[in-house]
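A.B. asks:
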Amino acid sequence: MDLAGFIRLLEAYRDTRYLFIADGVEREVRIDRRNPEAEAWLTGRGAAGAGFVSADNPRSLLAPEAENEAARQRLAEAVRRRGADAVPHTGAGLDGAWPPEHGLLVLGLPVAELTALAEAFGQNAIVWFAPSRPARLVPTRLLFEALSTDAGAG
Numbered sequence: 543m544d545l546a547g548f549i550r551l552l553e554a555y556r557d558t559r560y561l562f563i564a565d566g567v568e569r570e571v572r573i574d575r576r577n578p579e580a581e582a583w584l585t586g587r588g589a590a591g592a593g594f595v596s597a598d599n600p601r602s603l604l605a606p607e608a609e610n611e612a613a614r615q616r617l618a619e620a621v622r623r624r625g626a627d628a629v630p631h632t633g634a635g636l637d638g639a640w641p642p643e644h645g646l647l648v649l650g651l652p653v654a655e656l657t658a659l660a661e662a663f664g665q666n667a668i669v670w671f672a673p674s675r676p677a678r679l680v681p682t683r684l685l686f687e688a689l690s691t692d693a694g695a696g
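Residues in the sequence shown are numbered from 543 upward in steps of one, following this note's numbering.
1) Determine whether the beta carbon atoms of Glu568 and Asn577 lie at a separation below 9 Å.
2) Pull up the DSSP beta-bridge partners for Pro681, would you.
3) Return the residue from the list Val648, Pro676, Thr682, Pro681 that minimises the CA-CA distance to Gly588.
4) With distance defined between alpha-carbon atoms, name the residue in Ser674, Trp640, Leu617 nearest to Ala701.
5) How about Pro676: is its Cβ closer than 8 Å to a heavy atom in the ligand PLP?
6) Tell me the rounded alpha-carbon separation between Thr682 and Ala597.
7) Below 8 Å CB to CB, which residues in the same chain sit around Ala661 once its five sequence neighbours on both sides are set aside?
8) Compare the Cα-Cα distances from Gly638 to each of Asp557, Ile549, Arg623, Arg575 and report the closest residue.
9) Classify Gln615 as buried or exposed, calling it buried when 16 or more other Cβ atoms lie within 10 Å of its own Cβ.
10) Can you name the start and end residues of the beta strand (DSSP E) that Arg569 belongs to?
11) Answer with buried or exposed for Ser602, where buried requires no fewer than 16 other C-beta atoms within 10 angstroms of its C-beta.
12) Label Leu656 either buried or exposed according to how many other C-beta atoms from any shown protein chain fall within 10 Å of its C-beta, with 16 as the threshold for buried.
13) Just how far apart, CA to CA, sit Asp574 and Ala612?
14) Pro630 lies in the beta strand (DSSP E); which residues open and close that run?
15) Can you tell me where the beta strand (DSSP E) holding Leu646 begins and where it ends?
Below is the structure:
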């Protein structure tokens, strides 16, 4: 991926709404923003933070729906094996140019474990949020590999 593609990808993450339904209420988290309602929900669950993890479209390459669904099932099982609490989430870009991705909002696992899990499913990053802090993009090693792969070309 060239630098322009890398920047576009980061902008796409920033321009995505990370949505989850809990206690019958839809909540939205956005990178570099706070959502006191979502933060209060986390606090009420006794969670220090949570991460949005998807298994859809590894390495930001569109995959057939059947492959994405199978990967989602494997992700859910991996989270269950770790004993973590999770609720379904959807990531939807504001411009609608990329199809919504589905995954899990995972509570109770450290950031490092969540990024390793995401990386195992071919994901470039997770989105982490915690009470009293804006949500942030946390890249996996794969995101930097994608950038460095193209760096020597040309």
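Using N, Cα and C, we set each Cβ at its ideal position, and we do this for glycine too. For clarity, every value in this text was computed on a predicted model and none was experimentally measured.
C.D. replies: To lay it out plainly:
1) no
2) DSSP lists Ala667 as the bridge partner or partners of Pro681.
3) Val648
4) The first residue shown for the chain is 543 and the last is 696, placing residue 701 beyond what the model contains.
5) Absence of the ligand PLP is noted for the structure shown, with no ligands found whatsoever.
6) 13 Å
7) Note on identity: in this sequence residue 661 is Glu, with Ala being the wrong assignment. Cβ within range, chain order: Thr682, Arg683, Leu684.
8) Asp557
9) exposed
10) 567-571
11) buried
12) buried
13) 31 Å
14) Bounds of the beta strand (DSSP E) holding Pro630 are 627-635.
15) 643-649
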